[in-house]
Amino acid sequence: MEQILVNGLYLGAQYALIALGLTLIFSLMNVLNFAHGQMYVFGGFVTYTVVAQLGLPFIVGLLLSAVVLGVMGALIEKFLFRPVIARSKREESTMLLAAGIAFFLDAVILLLFGEKQRGIPKIVDGVFNWDFRIVIPYDRILIFVLAISAIVAFIMYMQYSKTGRAMRALAQDRVAAELMGVDVKYYSMIGFALGAMLAGLVGGLLVSITGINLGMGGPASIKAFMMIMIGGAGVISGAIAGGFILGMMESVGLTLLAVYGDITYLVIFVMLMIFLSIRPQGLMGKPWG
Amino acid sequence: MNTKKWLLTLVFLLIVLVGVPWAINASGRWDFYYTLTSVALLSIASAGVWLTFYIGRINIGQGAYTLIGGYASAILVTQLGVNFWLTLPLAGLACAIISVFIGLPILRLRGVYFAMVTLVLTEVARLTALALPITNGAKGIVSIPLPAELSLFGLTIIPDFATLENPKLAFYIAAVIMMVLCYAALYRIVNSRLGHLCRSLQQNEELSASIGVNTAYLRVIAYSISSFMGGVAGASFVSISQSIYPSTFQVVDSVNFMLNCFLGGLGYVLGPMLGTLMLYFGWDLLFTMGKYQLLIYSSLIILLIVLLPNGILSLPLFNKRGGGPK
Numbered sequence: 026m027e028q029i030l031v032n033g034l035y036l037g038a039q040y041a042l043i044a045l046g047l048t049l050i051f052s053l054m055n056v057l058n059f060a061h062g063q064m065y066v067f068g069g070f071v072t073y074t075v076v077a078q079l080g081l082p083f084i085v086g087l088l089l090s091a092v093v094l095g096v097m098g099a100l101i102e103k104f105l106f107r108p109v110i111a112r113s114k115r116e117e118s119t120m121l122l123a124a125g126i127a128f129f130l131d132a133v134i135l136l137l138f139g140e141k142q143r144g145i146p147k148i149v150d151g152v153f154n155w156d157f158r159i160v161i162p163y164d165r166i167l168i169f170v171l172a173i174s175a176i177v178a179f180i181m182y183m184q185y186s187k188t189g190r191a192m193r194a195l196a197q198d199r200v201a202a203e204l205m206g207v208d209v210k211y212y213s214m215i216g217f218a219l220g221a222m223l224a225g226l227v228g229g230l231l232v233s234i235t236g237i238n239l240g241m242g243g244p245a246s247i248k249a250f251m252m253i254m255i256g257g258a259g260v261i262s263g264a265i266a267g268g269f270i271l272g273m274m275e276s277v278g279l280t281l282l283a284v285y286g287d288i289t290y291l292v293i294f295v296m297l298m299i300f301l302s303i304r305p306q307g308l309m310g311k312p313w314g
Numbered sequence: 193m194n195t196k197k198w199l200l201t202l203v204f205l206l207i208v209l210v211g212v213p214w215a216i217n218a219s220g221r222w223d224f225y226y227t228l229t230s231v232a233l234l235s236i237a238s239a240g241v242w243l244t245f246y247i248g249r250i251n252i253g254q255g256a257y258t259l260i261g262g263y264a265s266a267i268l269v270t271q272l273g274v275n276f277w278l279t280l281p282l283a284g285l286a287c288a289i290i291s292v293f294i295g296l297p298i299l300r301l302r303g304v305y306f307a308m309v310t311l312v313l314t315e316v317a318r319l320t321a322l323a324l325p326i327t328n329g330a331k332g333i334v335s336i337p338l339p340a341e342l343s344l345f346g347l348t349i350i351p352d353f354a355t356l357e358n359p360k361l362a363f364y365i366a367a368v369i370m371m372v373l374c375y376a377a378l379y380r381i382v383n384s385r386l387g388h389l390c391r392s393l394q395q396n397e398e399l400s401a402s403i404g405v406n407t408a409y410l411r412v413i414a415y416s417i418s419s420f421m422g423g424v425a426g427a428s429f430v431s432i433s434q435s436i437y438p439s440t441f442q443v444v445d446s447v448n449f450m451l452n453c454f455l456g457g458l459g460y461v462l463g464p465m466l467g468t469l470m471l472y473f474g475w476d477l478l479f480t481m482g483k484y485q486l487l488i489y490s491s492l493i494i495l496l497i498v499l500l501p502n503g504i505l506s507l508p509l510f511n512k513r514g515g516g517p518k
């Protein structure tokens, strides 16, 4: 049982980090970023290239992933989303753009990195073993700690920095924020870049454990959507809660439901549907946010 | 409908039923039959998605209904020996009934919440198909027979496809006729009282509820019509490929149905048809590009949406008289 809980926490920390980026982009711009999973895969491949092919330390790869994805996010916002949002009659048009970007990133990843499964050598060797009740490799603990500290850093940044305050104002009320002198365009770009950066960071973290391949993008996006539905779209605490809940459910489900075959996700989906019909805005979301 | 529109419809029918087969015969590109048949069928499913857009909901779950429809038809044909042409409306009905039960709770959601839940729905359908015994899991249902003869009082209405010398052409004609019927129905719905009510939902749900429109009922009606179209499209698609797997329709397909609507234009009945033609045919034509296929394809989509955020049919070329071809 302890093992299941630990696995759930470990998964949840990574999931929460993915969901944070998605929910940030959503809350700032009302854009459902279909390409989030692809951004995450891209981040993983950047770390792989830096660590496995150039032979640089893991932390350099991680930082580079974050930087590359951040720049990519900023460019995507400035040159693609901004003009489309300004000109389209219905807000939903951004979904087509996001899906187009998802396809585009898939194509770029395919051409740059190929379709093989890639991984990097273990960063730390050894296994933590507590009386065979909890067995967890040290590198997973390291990744867990890194993920948690990234989440904490993100929350601190949103809470106490000027940029964070501006972005929270933007998420609350775009027009009011603009009237109060917040540079809406600039902070939208920063927000999108930050969201993409988080995706890249998770990709970099995960490549050291599970490796990465081209096909992981789509399913990762779906999981991220589920997390922000559980927690409530556009709310930071909701994204974190959703990530940990999904991680825990997955971990528990894979153990308990294994005898019935591969139905964990089916059960989670059905539970989610029932949950949403009772509480449509998720745990912490604003109604119709 | 005025005379001009009837004439345009007639010209369109002549082109697709006589012109296209002639052109294919002349050029010898027989594979285009399959492509164009797929376009016709997928555009039926996209028409359903378009109808949910019409009530202001972003539907990324049509893949679930095409899958359900496909399995319903495949099971009826292979295990109960029902005639394929009979299973077509049955598959649609099955989807419509299921969609009422799914729609009642989830149609209360709006905006991205509804979009995300329907996206998840596609995944649910795929996983259910994998887990249920009747769908035969990952192995799927294969070697489904071609559509059998349909006769009424001894009179052959549709001949047995297996005895035809060119079943591809037959499938093409059948698909096109279905597509035309579907869009005629869609046009009729949009220009009826139901359509006007749906439009009021799209603009402001609270307001229309406050003046006495039964919004919950309308939403479910529109959603079940949409799912009916998805089911019919899925069932016919399965009979062409003669096989169905849980992965026949997945999230990507659901997203594509939605993209078709966006690309054609959400404000125009013919939008999804044009969008499907462009996306599917375009993808097929780009096949010669080899490994750059996806790159060029996605760049074109991005370019289109940046240049024409309201869809291709929003070009002034199509809107001379103003208001659009509604």
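If you're matching them up, the sequences are chains A and B in order.
Mapping to our numbering: the first sequence position 227 is 252, numbers consecutive.
Mapping to our numbering: the second sequence position 213 is 405, numbers consecutive.
Where a beta carbon is used, it is the ideal one built from N, C-alpha and C, also for glycine.
Note that the structure is a prediction, hence the values are computed from the model and not measured.
Residue-level contact check: K114/A touches chain B, since one or more beta carbons of chain B fall below 9 Å from its beta carbon.
9 Å or more divides the Cβ of L42/A from the Cβ of A194/A. Closest option to A264/B, judged by alpha-carbon separation, among V372/B, D223/B, F420/B and L386/B: F420/B. Shown here is that no member of the stretch 140-168 of chain A has a Cβ falling below 7 Å from a Cβ of chain B.
In the structure shown, L234/B adopts helical secondary structure according to DSSP, grouped into three states.
In the displayed model, W222/B falls within coil according to three-state DSSP, outside both helix and strand.
P162/A carries a strand assignment under DSSP once its states are collapsed to helix, strand and coil. Following the DSSP letters along the chain, one finds V447/B inside the alpha helix (DSSP H) bounded by residues V443 to G456.
Within chain B, no residue has its beta carbon less than 9 Å from that of E102/A; the closest one is some 13 Å off. Taken in chain order, the members of the stretch 482-494 of chain B whose beta-carbon sits within less than 9 Å of a beta-carbon on chain A are K483, Y484, Q485, L486, L487, I488, Y489, S490, S491, L492, I493 and I494.
Only V443, V444, V447, M450, L451 and F454 from the stretch 434-454 of chain B bring a Cβ to less than 8 Å from some Cβ of chain A.
Neighbours of L311/B in chain A, taken as residues at a C-beta separation under 8 Å, are given in chain order as I247 and F250. The stretch 233-241 of chain B makes contact with the stretch 455-473 of chain B, as at least three CB pairs between them are under 8 Å. As summarised for the stretch 384-444 of chain B, the continuous alpha helix (DSSP H) elements at least 4 residues long and confined to that stretch are 385-395, 397-402 and 407-433, given in chain order.
Under the Cβ distance rule, T320/B counts among the residues neighbouring chain A, one pair being separated by less than 9 Å.
By the CB criterion at 9 Å, R112/A and P501/B fall inside the cutoff. The stretch 285-299 of chain B and the stretch 295-310 of chain A touch, with no fewer than 3 CB-CB distances between them shorter than 8 Å. In this structure, DSSP gives L322/B a helical state, which the three-state scheme calls helix. F153/A has I161/A as its beta-bridge partners, per DSSP. Taking C-beta atoms as the reference points, A38/A and G229/A fail to come closer than 9 Å. Straight-line spacing of the CA atoms in A239/B and S400/B works out to 24 Å. Y257/B and I159/A have their C-alpha atoms roughly 44 Å apart. Counting of Cβ neighbours within 10 angstroms places F353/B among the buried residues, the total reaching 16 or more. By the neighbour-count criterion, in which 16 or more other beta carbons inside 10 Å mark a residue as buried, F217/A falls on the buried side. DSSP places S233/A in the coil class of the three-state scheme, outside both helix and strand. Taking a C-beta distance under 9 Å as the contact criterion, L136/A and K483/B qualify as a contact pair.
Residue pairing from DSSP places I350/B in a beta bridge opposite L342/B. The count of Cβ pairs closer than 8 Å, one atom from the stretch 45-60 of chain A and one from the stretch 244-264 of chain A, reaches three, so the stretches are in contact.
Counting C-beta pairs with one atom in each stretch, the stretch 128-135 of chain A and the stretch 484-493 of chain B have three or more that are closer than 8 Å, which means they touch. Across the set R411/B, I417/B and G211/B, the C-alpha of R411/B shows the shortest separation from the C-alpha of L301/B. For L507/B, no chain A residue has a C-beta closer than 7 Å to its own C-beta; the minimum C-beta separation is roughly 14 Å.
Secondary-structure assignment with DSSP links R107/A through no beta bridge to anything. Contact with chain B is absent for M54/A, since none of that chain's Cβ atoms lies less than 9 Å from the residue's Cβ.
A distance below 9 Å separates the beta carbons of V498/B and L122/A. The stretch 279-295 of chain A and the stretch 304-323 of chain B touch, with no fewer than 3 CB-CB distances between them shorter than 8 Å.
With a threshold of 9 Å between beta carbons, E357/B makes no contact with chain A.
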